[in-house]
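Peer 1: Numbering (my numbering), first residue to last: 2 to 151.
1) For residue 10, collect the residues of the same chain with a Cβ closer than 7 Å to its Cβ; drop the 5 residues on either side in sequence, then sort them by chain order.
2) State the DSSP-derived secondary structure class of residue 59, mapped to helix, strand or coil.
3) Taking the C-alpha atoms as reference points, what is the distance between residue 139 and residue 120?
4) Looking only at its own chain, which residues have a Cβ that is under 7 Å from the Cβ of residue 23, when we skip the five neighbours before and after it?
5) For residue 93, which three-state DSSP category applies?
6) What does a CB cutoff of less than 7 Å around residue 79 pick up in its chain, not counting 5 residues either side in sequence?
7) Classify residue 54: buried if its beta carbon has 16 or more other beta carbons within 10 angstroms, exposed otherwise.
8) Quick test of your reading: residue 74 and residue 52, contact by CB under 8 Å. State the CB separation rounded to the nearest angstrom.
9) Have a look at residue 34 and residue 93 and give me their C-alpha separation to the nearest angstrom.
10) State the CB to CB distance for the pair residue 39 and residue 31, rounded to an integer number of angstroms; the pair is presumed to be in contact (CB under 8 Å).
11) Count the other CB atoms within 10 Å of the CB of residue 61; is the residue buried (16 or more) or exposed (fewer)?
12) Report, in whole angstroms, the separation of the C-beta atoms of residue 58 and residue 37, which I expect to be a contact under 8 Å.
Next comes the structure, spelled out in structure tokens:
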């Protein structure tokens, strides 16, 4: 609760209006449309005893009723925030799965390319070894022929 303000409502209804200038909003309110901060209070009404709610500071201090300043049950606000977070979480999970699939695809692509380059290098190495072997064979044959000639 806020500082020294200890306002308790005796006329809270059973449902939140959760509005900003007539427009409904979801979740925990941050500020009222009038610019005032929002404070948590507790209902002392018969239909909602001890039920907590958010209220515009100005409306609470002026004890306004049936106005357009913020009034929202805390349990409803938290439930709306939770539902919003669940939706966002599901979206993030889907995005992470897509990224994981893309990473696997890229890893496979890199692996395929590495294997391709490795095969090319093996072929080049075999050709080089054949050239070296042929060169050595020619050198040996040439030396043998030269030695016989002498």
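The C-beta atom is built at its ideal place from N, Cα and C for all residues, glycine as well. All values derive from a computational prediction rather than experimental measurement.
Peer 2: Looking at the coordinates:
1) Counting from one through the chain shown, the residue named residue 10 turns up at place 9. In this prediction, residue 10 scores a pLDDT of 49, lower than 50, which makes its location untrustworthy; the coordinate-derived value is nonetheless stated afterwards. Within the same chain, and ignoring the five residues on either side of residue 10 in sequence, the residues whose Cβ sits closer than 7 Å to its Cβ are 42, 44, 45, 46.
2) As a first step, residue 59 must be located in the chain shown, where it is residue number 58. Three-state result, residue 59: helix.
3) Position 138 of the chain shown, counted from the start, is the residue given in the question as residue 139. Position 119 of the chain shown, counted from the start, is the residue given in the question as residue 120. Put simply, the backbone Cα of residue 139 is about 28 Å away from that of residue 120.
4) Taking the first residue of the chain shown as position 1, residue 23 is located at position 22. For residue 23, the predicted model reports a pLDDT of 49, less than 50, meaning its position is unreliable and no value from the coordinates is stated.
5) Counting from one through the chain shown, the residue named residue 93 turns up at place 92. Three-state result, residue 93: helix.
6) Numbered from 1 along the chain shown, position 78 holds the residue referred to as residue 79. The residues 29, in chain order, have a CB closer than 7 Å to that of residue 79 in the same chain once the five nearest residues on each side in sequence are set aside.
7) Locating residue 54 in the chain shown gives position 53, where the first residue counts as 1. When all chains shown are included, residue 54 counts as buried.
8) Reading the chain shown from its first residue, position 73 is the one you call residue 74. Reading the chain shown from its first residue, position 51 is the one you call residue 52. Yes, they are in contact, since the Cβ atoms of residue 74 and residue 52 sit about 6 Å apart, within 8 Å.
9) Translated into positions along the chain shown, residue 34 becomes position 33. Translated into positions along the chain shown, residue 93 becomes position 92. So the two alpha carbons sit approximately 31 Å from each other.
10) In the chain shown, residue 39 corresponds to position 38, counting from 1. In the chain shown, residue 31 corresponds to position 30, counting from 1. Taking the Cβ atoms as the reference, residue 39 lies roughly 7 Å from residue 31, within the contact range of under 8 Å.
11) On the chain shown, residue 61 is found 60 positions in, with the first residue counted as 1. It is buried - the Cβ of residue 61 has at least 16 other Cβ atoms within 10 Å.
12) To locate residue 58, count along the chain shown from 1; it is residue 57. To locate residue 37, count along the chain shown from 1; it is residue 36. That belief holds up - the Cβ atoms of residue 58 and residue 37 are roughly 4 Å apart, short of 8 Å.
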